[in-house]
Amino acid sequence: MEFDKEANSAGIERLMTSDEVAELLHVDPVTIRRLINKGDLAAYRIGSDYRIAPSDLKAYLLHQRMPAKTEATAGSVEPFGQLVQWLRAMWQERLTAPAELVKKERNRFDRFTERARNVLSSASEEAKALHHNYIGTEHLLLGLLREGEGIGAQTLQKLGVEADKVREAVIAIIGRGSQDIGDEQPRGLTPRAKKVIELAVDEARRLGHDYLGTEHLLLGLLREGEGIAARILVDMGVVLPRVREEALRLLEQRTASWRVKQYQGPQKQASTNPTLQESMPAEPGSPQAHSAPVQDSEPGSAQAESTPEQTSEPAPTTQQGEQTLTCPQCGAKNPGAASHCLNCNAPLSQE
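First residue of the sequence shown? That's 1 in the UniProt record's numbering, and the numbers climb one at a time after it.
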């Protein structure tokens with residue numbers, strides 16, 4: 001405090017960190033570092049970090065300003081002073097914590113899969129390992145690869161994207177943090193990472209999926225287009241149309257495999273395969289179907305199919321001779337004992 005008083009009396013400005021400037025302008029911290037490295041924004045290099053004087057930031061903003069055709073000059077208030085006053089309050093709020101974001105999105109969408117939640121947890125760990133005090137799109141990409149088993153990770157693997165190469169690219173672009181941020185340091189999603197979540201939800205809705213899985217997060221990363229993750233993927237030759245095509249192909253494969261297991265005897269399969277037993281959804285109409293939480297949709301579940309098979313064949317049967325029911329809403333085949341469609345959960349007519 002004493003130093004601040006002396007600095008103010010001497011006309012020395014309070015320098016802002018690159019993270020503070022990024023939060024003030026609602027951009028990624030890496031964007032600020034890029035502006036500094038390109039020479040667009042003046043800054044002081046202190047150790048491995050930068051400090052920006054408010055006057056330098058003001059000069060940059062004024063240079064970037066695009067005036068309107070008509071402007072009222074009377075009674076106008078200089079905006080930069082207001083922004084500086086808001087800085088403390090904004091910085092106290094920090095960024096939205098991943099757990100809070102997941103809770104908020106689950107209330108809206110109610111279908112975040114377990115693997116998608118694991119991606120966010122893994123992204124937080126990746127940020128911590130790199131000593132970054134935020135979770136950006138690059139950490140989400142590393143989280144997808146680290147999760148390993150979801151459609152998102154398998155799509156990236158099929159397209160030749162490796163976690164080690166992505167991590168090297170991240171370090172080459174933005175580097176490691178100067179010091180360990182510690183377990184108590186609050187970390188959260190950057191504005192671009194939040195945008196990725198919003199786009200992932202939109203991707204799920206466009207595909208007619210009532211869940212949000214790792215494949216949607218991957219599509220969201222590419223659709224966002226301007227973050228570190230998108231830049232790395234494009235440099236590796238990974239583009240949105242190819243990712244969407246591969247993700248849907250893997251999705252269809254998983255769903256078809258799950259259906260074959262269902263028709264060949266779900267109880268027998270589950271009794272000999274503990275992993276399958278844990279991942280199989282409860283039989284429609286059973287108590288577990290109403291009480292069990294929603295399983296991860298990385299599609300070992302019927303909800304994961306985006307283009308259900310249409311059929312007009314009358315009353316097909318399973319290999320055990322049991323009659324199957326055709327869903328009147330989506331056309332999917334279901335076991336004769338089912339009360340609701342395994343694909344769209346519509347009620348089935350028992351005639």
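C-beta atoms are modelled at their ideal positions from N, C-alpha and C, and glycine is treated no differently. In this text the structure is predicted, and so the values were computed from the model without any measurement.
Using CA atoms only, rank isn't needed, just tell me which of the options is closest to residue i.
i: LEU144; options: ASP28, VAL21, LEU248 and ASP164; result: ASP164
i: VAL30; options: VAL119, LEU15 and GLU226; result: GLU226
i: ASP235; options: VAL161, ILE46 and LEU61; result: VAL161
i: ILE52; options: LEU62, ILE36, ARG231 and GLN64; result: ILE36
i: LEU25; options: GLU203, ILE46 and PRO191; result: PRO191
i: LEU207; options: ARG254, LEU156, LEU248 and LEU348; result: LEU248
i: LEU240; options: PRO347, ARG205, LEU15 and LEU156; result: LEU156
Can you name, in chain order, every residue of its own chain whose Cβ lies under 7 Å from the Cβ of residue i, other than the five neighbours on each side?
i: GLN154; result: LEU250
i: ALA193; result: ILE135, GLY136, THR137 and LEU140
From residue i to residue j, what distance separates their C-alpha atoms?
i: TYR211; j: LEU222; result: 19 Å
i: THR137; j: SER55; result: 30 Å
i: GLU23; j: ILE32; result: 10 Å
i: ARG244; j: ALA59; result: 43 Å
i: CYS327; j: ILE151; result: 27 Å
i: HIS131; j: GLY331; result: 51 Å
i: ASN133; j: TYR44; result: 20 Å
i: ARG242; j: GLN329; result: 30 Å
i: ALA200; j: LEU217; result: 5 Å
i: ASP19; j: ALA42; result: 15 Å
i: ARG34; j: GLN64; result: 16 Å
i: VAL27; j: ALA204; result: 26 Å
i: LEU15; j: HIS209; result: 48 Å
i: VAL238; j: ALA230; result: 9 Å
i: LYS38; j: ALA172; result: 16 Å
Using a Cβ-Cβ cutoff of less than 8 Å, which residues in the same chain neighbour residue i once the five nearest sequence positions on both sides are dropped?
i: LEU142; result: SER122, ALA123, GLU126, ALA163, VAL166, ARG167 and VAL170
i: THR214; result: THR113, ARG115, ALA116, VAL119, LEU144, GLU147, GLY150, ILE151, GLY152, ALA153 and GLU298
i: GLU224; result: THR137, ARG192, LYS195, VAL196, LEU199 and ALA230
Taking the DSSP output, what are the residues bridged to residue i?
i: LEU62; result: Answer is none; LEU62 lacks a bridge partner.
i: MET16; result: ILE52
i: ARG45; result: TYR50
i: LEU25; result: Paired residues: none, contrary to the question.
i: ILE135; result: LEU189
i: LEU212; result: PHE112
Taking 8 Å as the cut-off, decide whether the C-beta atoms of residue i and residue j are in contact.
i: VAL196; j: GLY220; result: yes
i: THR17; j: ASP49; result: yes
i: GLU246; j: LEU159; result: yes
i: VAL21; j: LEU62; result: no
i: ILE228; j: ILE174; result: yes
Within the 8 Å Cβ cut-off, does residue i reach chain C?
i: SER48; result: Looking at the structure shown, chain C is missing, and only one protein chain is on hand.
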